[in-house]
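J.:
2 protein chains.
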Amino acid sequence: MGRWEPNARGRLEEAALALYGERGYEQVTVAEIAARAGLTERTFFRHYADKREVLFAGSGLLREILVKGVAEAPASAAPIDVVAAALAGAGALLEERRELARARQVVIDANPELQEREVVKLATLATEVAGALRDRGVAEPAASLAAQTGIAVFRVAFESWVGDTGRRELPDIVRECFAELGTLI
Amino acid sequence: MGRWEPNARGRLEEAALALYGERGYEQVTVAEIAARAGLTERTFFRHYADKREVLFAGSGLLREILVKGVAEAPASAAPIDVVAAALAGAGALLEERRELARARQVVIDANPELQEREVVKLATLATEVAGALRDRGVAEPAASLAAQTGIAVFRVAFESWVGDTGRRELPDIVRECFAELGTLI
């Protein structure tokens with residue numbers, strides 16, 4: 001097999017999610033993921049450190065989108081609107097990966113250790129969004145309040161989206177949840 | 001030494017926090033904690049499963065206070081006000097333990113694994129508060145939005161309190177943070 005494999009990363013991800021869903025995350029080996037994707041273990045390890053990282057590699061991209069979204073928002077925008085718009089942008093990315101994102105969530109919901117990892121990643125995102133807001137000149141505690149609240153709203157929107165059998169899109173659900181929070185407060 | 005030790009639990013907690021602060025959490029053994037408290041290892045293990053649990057045993061009480069506070073709030077109270085009042089109540093408990101809570105936070109902030117445990121505990125609290133709101137008849141997504149947002153606000157208030165060298169009390173800071181969130185949204 002050649003060193004260059006077209007879309008090896010995506011094929012490995014799809015193979016891993018399919019196997020985790022069929023047999024349970026704990027039972028699946030890297031060798032099986034590589035075989036299902038028609039690739040070698042060596043190729044797997046060029047893309048992912050281990051089988052858990054297949055599930056969390058996307059969080060780096062999510063972080064970039066959020067931090068960039070916050071940094072590039074109009075200077076006049078209110079902090080909470082900056083966060084809401086950045087999260088809707090992140091939602092658009094996930095919407096494009098709707099089926100993979102749902103398959104991933106089923107795997108995570110079935111495993112307490114993966115749930116903890118997810119919670120920790122979200123907390124890290126909140127801390128980074130707060131930092132990006134401070135870089136815009138937003139003072140504390142407003143920066144942390146807007147960031148932590150934003151991630152809290154995103155979590156609720158995401159769960160609603162994952163459980164939704166209809167055609168509502170994640171960026172819309174994010175906006176609706178921010179609007180609902182406004183009526184609650 | 002007799003089986004009954006006056007306030008063994010509290011003495012073990014104080015000894016553990018003092019040792020963690022002096023020498024670093026990783027370096028301290030259960031034997032050393034027991035010795036500092038003037039108790040046996042056997043007594044330690046009657047109260048705590050391991051040295052990590054000394055830091056997190058309080059989360060059960062926090063959970064009880066929050067869930068009870070939500071359950072017993074006036075029927076007419078709005079969900080976010082129910083959550084804010086319950087969190088102010090939890091803040092009062094922590095305010096009574098101000099020095100211990102701060103010593104504990106220094107230990108946790110110095111150790112990524114303990115930070116993750118803390119984040120996971122807070123996420124669990126949010127889920128339980130959402131459940132208590134649903135038990136009051138609050139629909140989704142309002143229940144989860146109010147609970148997740150409330151815990152997000154509490155986290156910000158708690159950090160501000162821990163870092164505050166003045167005499168502001170945690171329940172007041174919790175209320176101020178909810179008020180500030182209101183102006184942000």
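Line order of the protein sequences matches chains A and B. All letters in the first sequence, in the order written, are residues 1 to 185 by full-length UniProt numbering. All letters in the second sequence, in the order written, are residues 1 to 185 by full-length UniProt numbering. Ideal Cβ placement from N, Cα and C applies to all residues, glycine included.
Under the rule that 16 or more other beta-carbon atoms within 10 Å means buried, what is Lys68 (chain B), buried or exposed?
T.: exposed
J.: Inspect the beta-carbon positions of Val174 (chain A) and Gly91 (chain A) and report whether they are closer than 7 Å.
T.: yes
J.: Return the Cβ separation of Leu39 (chain B) and Leu100 (chain B) in integer angstroms, given the expectation that the two are a contact with Cβ distance under 8 Å.
T.: Not confirmed; about 18 Å, so no contact.
J.: What does a CB cutoff of less than 8 Å around Val162 (chain B) pick up in its chain, not counting 5 residues either side in sequence?
T.: Ala101, Arg102 and Gln105
J.: Let me know the secondary structure DSSP gives Ser144 (chain B) once reduced to three states.
T.: helix
J.: In angstroms with no decimal places, state the Cα-to-Cα distance between Thr29 (chain A) and Glu113 (chain A).
T.: Cα to Cα, Thr29 (chain A) sits roughly 17 Å from Glu113 (chain A).
J.: Taking Cβ-Cβ distances shorter than 7 Å, what residues in chain A pair up with Gly182 (chain B)?
T.: Against Gly182 (chain B), the close residues of chain A are Ile185, in the order they occur along the chain (beta-carbon pairs closer than 7 Å).
J.: Please state whether the Cβ-Cβ distance between Ala139 (chain A) and Ala130 (chain A) is less than 7 Å.
T.: No.
J.: Which of helix, strand or coil does DSSP assign to Pro6 (chain B)?
T.: coil
J.: Who are the Cβ neighbours of Ala8 (chain B) in its own chain at under 7 Å, not counting the five residues just before and after it?
T.: Leu39, Thr43 and His47
J.: Return the residues of the segment 121 to 150 of chain B that lie within a Cβ-Cβ distance of less than 7 Å from chain A, sorted by chain order.
T.: Ala123, Pro141, Ala142, Ser144, Leu145, Ala146, Gln148 and Thr149
J.: For Glu118 (chain B), which residues in the same chain have their Cβ closer than 6 Å to its Cβ, ignoring the five residues on either side in sequence?
T.: Ile108
J.: Please give the ranges of any beta strand (DSSP E) in the UniProt domain "HTH tetR-type" (6 to 66) of chain A, keeping only runs that are unbroken, at least 3 residues long and fully inside the region.
T.: Whole beta strand (DSSP E) segments, 3+ residues: zero.
J.: Would Ile108 (chain A) pass as an interface residue toward chain B - the criterion being a Cβ-Cβ separation below 7 Å?
T.: Interface with chain B (7 Å Cβ-Cβ cutoff): Ile108 (chain A) is excluded.
J.: Residues of the segment 70 to 100 of chain A with a CB closer than 9 Å to any CB of chain B: list them in chain order, please.
T.: Ala78, Pro79 and Ile80
J.: Starting from the N-terminal side, write out each stretch of the alpha helix (DSSP H) that is 4 residues or longer and does not extend beyond the segment 63 to 123 of chain A.
T.: Qualifying alpha helix (DSSP H) stretches, in chain order: 79 to 96 and 98 to 109.
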